[in-house]
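Mind the numbering: the sequence shown is residues 244 to 1130 in the numbering used here, read in order. Ideal Cβ placement from N, Cα and C applies to all residues, glycine included.
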Amino acid sequence: MKLVIVESPNKIKTISGYLGKDYEVLASFGHVRDLPAKDGSVLPDEDFAMSWEVDAASKKRLNDIGNALKNADELILATDPDREGEAISWHVLDVLRQKKLVKDKPVRRVVFNAITRDAITEAMRNPRDIDEPLVDAYLARRALDYLVGFTLSPVLWRKLPGSRSAGRVQSVALRVVCDRESEIERFRPQEYWSVGARLNEKGRSFEARLYSVDGKRTDKLDVGTGSEAEALKAAIEAGTFSVTAVDKKPTKRNPYAPFSTSSLQQDASSRLGFAPARTMQIAQRLYEDGIITYMRTDAVQMAPEGIEQARRAIVKNFGADYLPEKARIYSTKAKNAQEAHEAIRPTDMFRHPDTLRGDPDKHRLYELIWKRTLASQMRSAEIERTTADISVFATSRDIALRAVGSVVTFPGFLALYGVEAKEDRDPNAEEDEDSRELPPLNVGDRPKLEQALIEQHFTQPPPRYSEASLIKKMEEIGIGRPSTYAATISVLQDRNYVRLEKRMLIPEDRGRIVTAFLESFFTRYVEYGFTAALEEQLDLISDGKLAWKDVLRDFWKDFQGHVEEIKDLRVSEVLDALNEMLADHIFPAKADGSDPRRCPNCGEGQLSLKLGKFGAFIGCSNYPECRYTMQLSDAATGGASEAGAGDGIIGTDPESGLEVALKSGRFGPYVQLGEGAEPKRSSLPKGWTPDSLTLEKALQLLSLPRPVGNHPETGKPISAGIGRYGPFILHDGTYANLPEVEEVFTVGLNRAVDLLAQKAAGGGRFGRGGGGTPAAIKTFEHDGGTISVRAGRYGPYVNQGKVNATLPKEVKPEDVTIEQALELIAAKGGASGTRKSSSRSAGAKKAPAKKAAAKKTTTKPAAKAKSTAKTATKPKPAAKTKAETPA
244 MKLVIVESPN KIKTISGYLG KDYEVLASFG HVRDLPAKDG SVLPDEDFAM
294 SWEVDAASKK RLNDIGNALK NADELILATD PDREGEAISW HVLDVLRQKK
344 LVKDKPVRRV VFNAITRDAI TEAMRNPRDI DEPLVDAYLA RRALDYLVGF
394 TLSPVLWRKL PGSRSAGRVQ SVALRVVCDR ESEIERFRPQ EYWSVGARLN
444 EKGRSFEARL YSVDGKRTDK LDVGTGSEAE ALKAAIEAGT FSVTAVDKKP
494 TKRNPYAPFS TSSLQQDASS RLGFAPARTM QIAQRLYEDG IITYMRTDAV
544 QMAPEGIEQA RRAIVKNFGA DYLPEKARIY STKAKNAQEA HEAIRPTDMF
594 RHPDTLRGDP DKHRLYELIW KRTLASQMRS AEIERTTADI SVFATSRDIA
644 LRAVGSVVTF PGFLALYGVE AKEDRDPNAE EDEDSRELPP LNVGDRPKLE
694 QALIEQHFTQ PPPRYSEASL IKKMEEIGIG RPSTYAATIS VLQDRNYVRL
744 EKRMLIPEDR GRIVTAFLES FFTRYVEYGF TAALEEQLDL ISDGKLAWKD
794 VLRDFWKDFQ GHVEEIKDLR VSEVLDALNE MLADHIFPAK ADGSDPRRCP
844 NCGEGQLSLK LGKFGAFIGC SNYPECRYTM QLSDAATGGA SEAGAGDGII
894 GTDPESGLEV ALKSGRFGPY VQLGEGAEPK RSSLPKGWTP DSLTLEKALQ
944 LLSLPRPVGN HPETGKPISA GIGRYGPFIL HDGTYANLPE VEEVFTVGLN
994 RAVDLLAQKA AGGGRFGRGG GGTPAAIKTF EHDGGTISVR AGRYGPYVNQ
1044 GKVNATLPKE VKPEDVTIEQ ALELIAAKGG ASGTRKSSSR SAGAKKAPAK
1094 KAAAKKTTTK PAAKAKSTAK TATKPKPAAK TKAETPA
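Here it is, written out as structure tokens:
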């Protein structure tokens, strides 16, 4: 019996059926080992020894594989035909050898590009050994990604609070998005006018555009004002027209090459609206079902049998006239392409997309692949392109117009899409003017004027990147691999570095700050050329032309030295660099020409970027005399968020004379009274919408907490307010819920006393013994998260996220300022300094804060791994903060 290892369990049944009873097929379920997400998993000082960790699920699968191998005569590793697949085979074999289960049994590696009987049978006839250079390239890539992420990310945490991670490819992709946003911000539109005429010849209308004026050919931007356009329009209206030249030229339009991973993701995004990750999920299912070839590839060439089958399918569906004399051969132009792979194509060109109509997503994606593949082997479309020059006579100006059109004389591959073939055009490209059809025109014809045409335009900034266009850009500059494009974009969104809005990628302020920091202090490591050159070195490793540890040594020597230098940076140096690099974004020019950095509160200080414990914000240089602060997102929009419809001034408070404004913050819409260092704010409660907010309602919110009266028994005050869990009443540290928000503004003393009595009888949610979080007495909006003042079981405290800090006895909860709250939270040591163990028993004594903070959870080192890569011996202890694995 022979044991066959594949990656996906979905392949087992199909492959078992092709191989027969002499084979047992098991799945690894993807990677079985990875580098633990902690310090010490890669040890540069020990010749880049690597410690691998097997998770619980993989451990069970490896045990199943090991038990099956005991009864097998041969081990066949049949994981996917790419670098990751080669690495998975290497990992499985390495673990089995460590367990001494392989012994003298033969081990073979087989690869197939499609899950068909012929492909698998052919692969079994041609086994090979594991490709060690390909594994070395994987090890180098994995080590590089780990070293960059786990060395750079802690620097970000220290220098840029609120930043989450950095990565070798991730950070460069983020820079691409941020660079485009900077271009857009610097862009200044330019006015221009298009001039033309709608003419009629032999009863058929057509349009001609301005081609030259006074013997000089006009470009797009030459007519820059409305007055110029009107003068040209008047001249055209006063003139007569004559066709002076007609040029008919046959041209051809060639089909696109078959899909690679990148082009499939781009096309599926543009035409079907699929996110790259979704495209790969559907393609994976098509591959596992044996419907398409392997879907992770940067090659565009097809196997000879695929070409031959496509040509036969063309003859069957369209006839021999649509078949070119010779087969079309495509070659990959992308850098670092793996030419050993094949393009993505149907395994059976005679399988029509309609056979998959039962699964709409699979049907649509397969139809895209089927048409692209078939079209790639069809004849070119033949088009007759006509250019007609038309002179305008009897005017004060020498004006010439030009009309361009085309006629399809033989559809060729366009017949697959319909003769117009708009479906096959690049959806991001502008429509060609020669896609119009002209009437028959001859020299000497004198068309009649129907209408002179002028239209105002403004130049447009470059478009933001979509997921599809970002993948195209990454491929062009040579960063990342086909298997990582979708994952890289997902990581950027998961880290809140970019957001997807109307299918466009928009960098968040957090992402822009990280990019500015890396560009300022790690310039080389986010350069496109450097990252692409590193990719080329990895490919040289896979070709056996470079030693992988030599590449790591060269990289680490420079990188580590640079990181050591940056560690000594003062925060002021970081802020100066960020203020300069992000000036156009944070402090855009004002329409009145005034200084955009002048503090609106004191009028003397300069606004600049500040770094708090929970991220960046804008503050005044006159601090602490002036305590003006602003969220970064508000600064970029002149002090008001873009997010909320209807943001702006609601009215004026008749008592204070201050303006009442509606704003949109990170945590939703809120109302604010006046400006300055500590404006009073209140979030809109659940059920209230910005468009229904009146000045009266806003003032009611700002008046909270509202005094209800003194309790008749205790004499202590009762107040009503709105907190995190809704409306409430508060008496002597005890909270009771109110059923409706509106009741906060109307509840009387008797009703309040009754609710408190019910709460004392055990029917409430908050307060002593209630088991919940006390409602907020007072809240502040802050960049690091909402700050609230609450009355707890052991006295009042301030809260932000998971940080709780007790108020000093002399400070009343209702008098707490945002500065006092921030100081108390900072003194508490942040979120990491206030987490408490969930395993403490009910009767256990509360440990002193210092001792509790000193206690650490330790992790057992990963087991040693014997391998051709001389993997690690003993990793360093886990870091205090678990780093996130970078893309």
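**Request:** Taking Val769 and Leu761 to be in contact with their CB atoms under 8 Å, please state how far apart those CB atoms are, rounded to whole angstroms.
**Result:** The residue you call residue 769 lines up with position 526 of the sequence shown. The residue you call residue 761 lines up with position 518 of the sequence shown. Right, their Cβ atoms sit about 5 Å apart.
**Item:** Beta-bridge pairing of Ser716 - partner residues as DSSP gives them
**Value:** Position 473 of the sequence shown, counted from the first residue, corresponds to residue 716. It should be noted that the sequence gives Lys, not Ser, for residue 716. In the DSSP output, where bridge partners are listed per residue, Lys716 has none listed.
**Asked** In whole angstroms, what separates the C-alpha of Tyr530 from that of Thr536?
**Response** As a working mapping, residue 530 is identified with position 287 in the sequence shown. As a working mapping, residue 536 is identified with position 293 in the sequence shown. Straight-line Cα distance between these residues: approximately 6 Å.
**Asked** Is there contact between the stretch 474 to 482 and the stretch 688 to 697, where contact requires at least three CB pairs shorter than 8 Å?
**Response** Yes, the stretch 474 to 482 touches the stretch 688 to 697.
**Message:** Using the three-state DSSP reduction, which class does Val1046 fall into: helix, strand or coil?
**Reply:** What you label residue 1046 is simply residue 803 of the sequence shown in a count that begins at 1. The answer is strand: DSSP assigns Val1046 an E or B state.
**Request:** Could you check if Gly862 is buried or exposed, using at least 16 other CB atoms within 10 Å of its CB as the buried criterion?
**Result:** Along the sequence shown, one-based indexing puts residue 862 at 619. So Gly862 ends up on the buried side.
**Message:** Please return the same chain residues whose Cβ sits closer than 6 Å to the Cβ of Ala357, not counting the five positions on each side in sequence.
**Reply:** Taking the sequence shown and counting its residues from 1, the one referred to as residue 357 is at position 114. Thr536 and Thr590.
**Request:** Note the first and the last residue of the continuous beta strand (DSSP E) segment covering His974.
**Result:** The residue given as residue 974 occupies position 731 in the sequence shown. Its beta strand (DSSP E) spans residues Gly969 to His974.
**Prompt:** CB-CB under 7 Å to Glu847, same chain, minus the five flanking residues each way: which ones, in chain order?
**Reply:** For the purposes of this step, residue 847 is taken as residue 604 along the sequence shown, with counting starting at 1. These residues qualify, in order along the chain: Asn865.
**Prompt:** Are at least three pairs of beta-carbons, each pair with one atom in the stretch 347 to 363 and one in the stretch 266 to 278, less than 8 Å apart?
**Reply:** No: the two stretches stay apart, fewer than three of their Cβ pairs being nearer than 8 Å.
**Asked** So what does Glu1131 bridge to, in DSSP terms?
**Response** Any question about residue 1131 goes unanswered here, given that the chain covers just 244 to 1130.
**Request:** Answer yes or no: does any C-beta atom of chain C fall closer than 9 Å to that of Glu329?
**Result:** Protein chain content of the structure displayed is limited to a single chain, and chain C is not contained in it.
**Asked** Which residues in the same chain have their Cβ closer than 8 Å to the Cβ of Arg232, if we skip the five residues on either side of it in sequence?
**Response** Residue numbering for the chain in the displayed model covers 244 to 1130; residue 232 lies beyond these limits and cannot be assessed.
**Prompt:** Roughly how many angstroms separate the alpha carbons of Gly260 and Thr598, rounded to a whole number?
**Reply:** Counting from 1 along the sequence shown, the entry for residue 260 is found at position 17. Counting from 1 along the sequence shown, the entry for residue 598 is found at position 355. Each residue's alpha carbon lies about 22 Å from the other.
**Prompt:** CB Ala500 to CB Tyr573, shorter than 9 Å?
**Reply:** The residue you call residue 500 lines up with position 257 of the sequence shown. The residue you call residue 573 lines up with position 330 of the sequence shown. In this structure, Tyr573 lies closer than 9 Å to Ala500 by Cβ.
**Message:** Taking the beta carbon of Thr1029 as the centre, do at least 16 other beta carbons fall within 10 Å, making it buried, or is it exposed?
**Reply:** Locating residue 1029 in the sequence shown gives position 786, where the first residue counts as 1. Result: buried.
**Separation of Leu812 from His618, as counted between CA atoms** = Locating residue 618 in the sequence shown gives position 375, counting from the first residue. Locating residue 812 in the sequence shown gives position 569, counting from the first residue. Note on identity: in this sequence residue 618 is Ala, with His being the wrong assignment. In a straight line, the C-alpha of Ala618 is about 58 Å away from that of Leu812.
**Message:** Comparing C-alpha positions only, which one of Leu795, Lys1052, Pro928 and Arg840 sits nearest to Glu384?
**Reply:** Here residue 384 refers to the residue found at position 141 when the sequence shown is read from its first residue. A small correction: the amino acid at residue 384 is Arg; Glu does not occupy that position in the sequence shown. Comparing C-alpha distances from Arg384 to each of Leu795, Lys1052, Pro928 and Arg840 shows the shortest one belongs to Leu795.
**Item:** Distance, Lys605 Cα to Asn253 Cα
**Value:** The residue given as residue 253 occupies position 10 in the sequence shown. The residue given as residue 605 occupies position 362 in the sequence shown. One C-alpha to the other measures close to 16 Å.
**Request:** Determine the burial state of Gln509: buried for a count of at least 16 other Cβ atoms within 10 Å of its Cβ, exposed for fewer.
**Result:** Taking the first residue of the sequence shown as 1, we reach residue 509 at position 266. Here Gln509 is buried. Its C-beta has 16 or more other C-beta atoms within 10 Å.
**Asked** Going by Cα to Cα distance, which pick from Lys906, Ala451 and Val378 is closest to Leu442?
**Response** In the sequence shown, residue 442 corresponds to position 199, counting from 1. For Leu442, the nearest C-alpha among the options comes from Ala451.
**Message:** I'd like the list of long-range same chain contacts for Asp372, defined as Cβ closer than 7 Å, with 5 residues on each side in sequence excluded.
**Reply:** The residue you call residue 372 lines up with position 129 of the sequence shown. So the list reads Arg352, once near-sequence residues are dropped.
**Request:** Decide if Asp374 is buried, meaning its Cβ has at least 16 other Cβ atoms within 10 Å, or exposed.
**Result:** For the purposes of this step, residue 374 is identified with residue 131 of the sequence shown, where counting begins at 1. Classification for Asp374: buried.
**Message:** Quick check on DSSP: helix, strand or coil for Thr880?
**Reply:** Residue 880 sits at position 637 when you count from the first residue of the sequence shown. Model confidence at Thr880 stands at a pLDDT of 46, short of 50, so the residue's coordinates are unreliable; what they give is reported in the following sentence. If DSSP states are grouped into helix, strand and coil, Thr880 belongs with coil.
**Message:** Going by DSSP in three states, Gln703 sits in which element: helix, strand or coil?
**Reply:** One-based indexing of the sequence shown puts residue 703 at position 460. Three-state DSSP puts Gln703 in coil, outside helix and strand.
**Asked** When we look at the beta-carbon of Arg418 and count the other beta-carbons within 10 Å, is it buried (16 or more) or exposed?
**Response** Taking the sequence shown and counting its residues from 1, the one referred to as residue 418 is at position 175. The residue in question, Arg418, is buried, as its Cβ has 16 or more Cβ neighbours within 10 Å.
**Delimiting residues of the beta strand (DSSP E) encompassing Lys492** = Here residue 492 is taken as the residue at index 249 of the sequence shown, counted from 1. Taken as a continuous stretch (DSSP letters only), the beta strand (DSSP E) holding Lys492 covers Thr483 to Arg496.
**Request:** On a CA-only basis, which of Ala315, Ser294 and Val651 is nearest His334? Give me that one, please.
**Result:** Taking the sequence shown and counting its residues from 1, one reaches residue 334 at position 91. Per the C-alpha coordinates, the member of Ala315, Ser294 and Val651 positioned closest to His334 is Ser294.
**Message:** Given a cut-off of 9 Å on the beta-carbon distance, is the pair Ser512 and Pro519 in contact?
**Reply:** The residue you call residue 512 lines up with position 269 of the sequence shown. The residue you call residue 519 lines up with position 276 of the sequence shown. Contact flag set, yes.
**Request:** Mark Glu778 as exposed unless 16 or more other C-beta atoms lie within 10 angstroms of its C-beta, in which case mark it buried.
**Result:** Mapped onto the sequence shown, residue 778 falls at position 535. Burial call: buried.
**Message:** Check for me: the alpha helix (DSSP H) holding Trp333 runs from which residue to which?
**Reply:** Here residue 333 refers to the residue found at position 90 of the sequence shown. Taken as a continuous stretch (DSSP letters only), the alpha helix (DSSP H) holding Trp333 covers Arg326 to Gln341.
**Asked** If you check the beta carbons only, do Leu644 and Ile633 fall under 9 Å apart?
**Response** Within the sequence shown, numbered from 1, the residue matching residue 644 stands at position 401. Within the sequence shown, numbered from 1, the residue matching residue 633 stands at position 390. Going by C-beta atoms, Leu644 is nearer than 9 Å to Ile633.
**Asked** Can you name the start and end residues of the beta strand (DSSP E) that Tyr266 belongs to?
**Response** Counting from one through the sequence shown, the residue named residue 266 turns up at place 23. Segment Tyr266 to Ala270, the beta strand (DSSP E) holding Tyr266.
**Item:** Sequence-distant residues of the same chain with beta carbon closer than 6 Å to Phe517, five excluded per side
**Value:** Here residue 517 refers to the residue found at position 274 of the sequence shown. Here the set comprises Ala511.
**Neighbourhood of Ala546 by C-beta distance below 7 Å, restricted to the same chain and skipping five residues each side** = Position 303 of the sequence shown, counted from the start, is the residue given in the question as residue 546. Result list for Ala546: Glu585, in chain order.
**Prompt:** Is the beta carbon of Pro948 sitting closer than 9 Å to the one on Ile1020?
**Reply:** On the sequence shown, residue 948 is found 705 positions in, with the first residue counted as 1. On the sequence shown, residue 1020 is found 777 positions in, with the first residue counted as 1. Yes, Cβ-Cβ distance for Pro948 and Ile1020 is below 9 Å.
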